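Asker: Have a look at the structure that comes next, please.
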Amino acid sequence: MYSVTRHRRLAVLALLALGAAASTGTVLAQDIPPPDAVRGDMARAARGGAQERSLSDAVRRVQRTTGGHILGAERVPFDGRDINRVKYMDDRGRVRYMDDPAPARSQPRTPRSDMSSLRGDNP
């Protein structure tokens, strides 16, 4: 009877050792991403980095100008461009929104030509 208990203990220890070794291998395999995944993450960060920075800058500006408690911030399409909308609580406890214009585009729009020809007979 003593040998059966001993064999069970050895079997349980062997299973635990195998399980630990298998999980360690899985963890190690997950730690090292393939090079393509790293490049993709870097490209995504480069594209969204400027947007995230401008949103955080908008939050800082609203915090400085209002002194209120910031509740949230988001980018909202408005008039053909994106603006930063910051939600904050003022000193009286009221929830307010402040729209902070996003930074100007890197390439300014080309000026329109003379619009008088489009107006027809109006002076």
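For reference, each letter of the sequence shown is one residue, going -29 to -1, 1 to 94 in mature numbering (1 follows the signal peptide of the UniProt record, and there is no 0).
Glycine included, C-beta positions come from ideal geometry on N, C-alpha and C.
Since the model is a prediction, treat every value here as computed from it, not as a measurement.
Can you tell me the Cβ-Cβ gap for tyrosine 59 and threonine 37, rounded? I've got them flagged as a contact below 8 Å.
Answerer: For the purposes of this step, residue 59 is taken as residue 88 along the sequence shown, with counting starting at 1. For the purposes of this step, residue 37 is taken as residue 66 along the sequence shown, with counting starting at 1. About 6 Å separates the two Cβ atoms, so the contact holds.
Asker: Where does arginine 46 fall in DSSP's three states?
Answerer: Taking the sequence shown and counting its residues from 1, the one referred to as residue 46 is at position 75. Here arginine 46 sits in strand by DSSP.
Asker: Please name the residue, chosen from Ala(-10), Ala(-16), Asp70 and Leu(-20), that lies closest to glutamine 34 on a Cα-to-Cα basis.
Answerer: Start at 1 with the first residue of the sequence shown, and residue 34 comes out as number 63. Measuring from the Cα of glutamine 34, the nearest candidate turns out to be Asp70.
Asker: Pick out whichever of Val(-18), Leu(-17) and Ala29 has its Cα sitting closest to the Cα of proline 72.
Answerer: Within the sequence shown, residue 72 is the residue found at index 101, counting from 1. Of the listed residues, the one whose Cα sits closest to proline 72 is Ala29.
Asker: Which residue marks the beginning of the beta strand (DSSP E) containing arginine 52, and which one marks its end?
Answerer: On the sequence shown, residue 52 is found 81 positions in, with the first residue counted as 1. Its beta strand (DSSP E) spans residues 52 to 60.
Asker: With DSSP run on the structure shown, which of helix, strand or coil describes arginine -24?
Answerer: Here residue -24 refers to the residue found at position 6 when the sequence shown is read from its first residue. Correct three-state label for arginine -24: helix.
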